[in-house]
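Peer 1: Heads up: the sequence lines are chains A and B, in that order.
Per the working numbering, residue -1 is the first one in the first sequence, and the count goes up by one each step.
Per the working numbering, residue 136 is the first one in the second sequence, and the count goes up by one each step.
We put the beta carbon where it would ideally sit given N, CA and C, even for glycine.
These figures come from a predicted structure and were not determined experimentally.
Below you'll find the structure I mean.
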Amino acid sequence: MRLKLKIWRQGGKYKGEFVNYELPDVNPDMSFLEMLDVLNEQLVAQREEPVAFEHDCREGICGTCSLVIDGRPHGPMQGTTTCQVHMRHYHEGDTIVIEPFRAKAFPVIKDLVVDRSAFDRIIQAGGYISVNTGQAQDANAIPVEKEKASKAFDSAACIGCGACVAACPNASAMLFTSAKVSHLTLLPQGQVERHKRVLGMVAQMDKEGFGRCSNVQACEAECPKEISVSNIARMNREFLAASLASEQE
Amino acid sequence: MGGLWVDYELMTTIPGLYACGEANFSDHGANRLGASALMQGLADGYFVLPYTIGSYLSKEISTGAISTNTPEFEKAEKDVLERIQQLTSIQGKQSVESFHRRLGKIMWDQCGMARNAEGLKQAIQDIRNLRKEYWSDVFVPGSTTEYNPELEKAWRVADFLELGELMCEDALNREESCGGHFREEHQTEKGEAKRDDDKFMYVAAWEWKGEDSKAELHKEPLMYEEVKVAQRSYE
Ligand code: SF4
Ligand code: FES
């Protein structure tokens, strides 16, 4: 199948612009990233610089791949990452527009690669449990209600890709941060640092320049792990409780 | 398949550098398959590293920033810059990817699960030629002062070209079949792996002797006191 690509290029000889490419023979069994590999081989053969894009596991678990494809972070399908999109979803003659995840807090490094280390700093601001929770086997000795365990697990499914930020008109990182806060706060091991965690992570989120949440809910719609916006509601409650508690101290 | 030497804390011979999971030789020896490699990853990650890395760091925590104004740093930096310069100045006609594929094909054909002396000798020759071609005709596009994934790949493939040859050398040297190494010349009548414990009860540690010289073999003997080593049998 013949495809046209319109790709954002930035760095090297490009100041930041869309460049048009054509691929004459795309195999429908290729993944989206393999299609880009083929484009890059074609570019290198023409002595052009290949398009920089991020990838690692290529099976939807690491959160490294990104890309806004035809206006949608991680492409057209529900609950999938870019690396899980296959070319069989496209048709002969289609034009595909490919952009990086755009947000002030995610500066472009090159072409489609953005710096998502702001997420790491949010995690460093509280996304951990540092109190001693015993040896690995002690985990079995602390009972966790099934309902809570399932909720914590659902929140823990966040792979930290940043699609929620790219989808949000405010470039807010609330879905990501709230998933991480929820995951730890729902579990007994997370109780000791409960208040400190949410205050620290929210403060860092603001400091990085992410926007505020105005309940658009585009994040949930585009999240490849279908993280629910109810995490945001939980984080707001946690934040309020922690703020009240800290003022009392 | 792993094999890096580590101490009981999973630290390699380089202080502060830990090797965990499939990369080390710790619990199952240097050569193991599938599930035992998985177990190694789980055991290291859950039970060992959370304690041992912390214990290393606890001594480091008071170490201040390390100065880069040392001859060691300057030498390392110079070496890296030279290597980058060397790779990018070739400006040849073939892509990094094409070399990676050709190397992969040689390895797949001659150094897969089943290998034989003739094929391995051929592979060594082919890889040497490919390496020469690489260093005279590879094309690395892009700049050296900004993010350049193609340069990173070029560096890795240069390493693979050395490591691939060494894997063939090692497979050629080991005149027996064991674990994931099946030499077609050494099999039982029923097609099972035939060991030669008199000659090969050792771990082969190869020392790199520079770009075009042969690696030197150091034999680390395997000594068993309680376990009796035997042929694996699926019957
Ligand atoms: S919440 Fe969803 S979209 Fe946001 S970082 Fe996590 S997995 Fe990605
Ligand atoms: S490359 Fe790992 S999730 Fe896509």
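1) For Lys178 (chain A), is the classification buried or exposed, using 16 other Cβ atoms within 10 angstroms of its Cβ as the cut-off for buried?
2) Heavy atom of the ligand MG less than 7 Å from the Cβ of Thr62 (chain A), yes or no?
3) Note the first and the last residue of the continuous alpha helix (DSSP H) segment covering Gly299 (chain B).
4) Determine the chain B residues that contact Gly10 (chain A) at a beta-carbon separation under 8 Å, and present them in chain order.
5) How would you call Ile398 (chain B), buried or exposed, if buried means at least 16 neighbouring beta carbons within 10 angstroms?
6) Is it the case that the CB of Glu54 (chain A) approaches a heavy atom of the ligand FES more closely than 7 Å?
7) State yes or no: is the beta carbon of Glu285 (chain B) nearer than 8 Å to at least one beta carbon in chain A?
8) The alpha helix (DSSP H) spanning Glu232 (chain B) covers which residue range?
9) Can you list the alpha helix (DSSP H) stretches of 4 or more residues lying completely in the region 173 to 223 of chain A, in chain order?
10) Between the region 226 to 237 of chain B and chain A, which residues of the former have a C-beta closer than 7 Å to a C-beta of the latter?
11) Please confirm whether any heavy atom of the ligand FES lies closer than 7 Å to the CB of Ile157 (chain A).
12) Assuming Gly189 (chain B) is part of the alpha helix (DSSP H), what are its boundary residues?
13) Beta-carbon within less than 8 Å of Asp179 (chain B)'s beta-carbon, same chain only, minus the 5 sequence neighbours each way: which residues are those?
14) Looking at the ligand SF4, does it come within less than 7 Å of Ala161 (chain A), judged from the CB to the closest heavy atom?
15) For Ile107 (chain A), go through chain B and note every residue whose CB falls closer than 9 Å to its CB, in chain order.
16) Under the three-state reduction of DSSP, which class applies to Cys313 (chain B): helix, strand or coil?
17) Applying a beta-carbon distance threshold of less than 8 Å, which residues of chain A neighbour Phe274 (chain B)?
18) To the nearest angstrom, how far is the alpha carbon of Cys221 (chain A) from that of Thr79 (chain A)?
19) Residues of chain A with CB closer than 9 Å to the CB of Phe182 (chain B), please, in chain order.
20) Going by CA-CA distance only, name the one from B:Val362, B:Lys267 and B:Leu298 that's closest to Glu342 (chain B).
21) Do Asp272 (chain B) and Gly227 (chain B) have their C-beta atoms closer together than 8 Å?
22) Using a threshold of 7 Å, is the CB atom of Gly247 (chain B) nearer than that to any non-hydrogen atom of the ligand FES?
Peer 2: With the structure as the only source:
1) With 16 or more other Cβ atoms within 10 Å, it is buried.
2) The model on display carries the ligand SF4 and the ligand FES but not the ligand MG.
3) Pro284 to Asn308
4) Here the neighbours are Gly277, Ser278 and Glu281.
5) Summary: the structure shown does not reach residue 398 (chain B), with chain B confined to residues 136 through 370, and so no result is reported for it.
6) The displayed chain sequence assigns Asp, not Glu, to residue 54 (chain A). Remark: the shortest separation between the CB of Asp54 (chain A) and any heavy atom of the ligand FES falls under 7 Å.
7) Yes, Glu285 (chain B) lies at the interface with chain A (some Cβ there is under 8 Å from its Cβ).
8) It spans Val231 to Gln245 - the alpha helix (DSSP H) in which Glu232 (chain B) sits, taken as one unbroken run.
9) 192 to 205 and 216 to 220
10) Residues passing the 7 Å Cβ filter: Ser230 and Glu232.
11) yes
12) In the DSSP assignment, Gly189 (chain B) falls within the unbroken alpha helix (DSSP H) covering Leu184 to Glu195.
13) Closer than 8 Å at Cβ, skipping near neighbours: Leu145, Cys155, Gly156, Asn159 and Ser161.
14) yes
15) Glu281 and Tyr282
16) strand
17) For Phe274 (chain B), the C-beta contacts it makes with chain A under 8 Å involve Val42 and Arg45, in order along the chain.
18) Rounded to the nearest angstrom, the two C-alpha atoms are 8 Å apart.
19) Gln133 and Ala134
20) B:Leu298
21) yes
22) no
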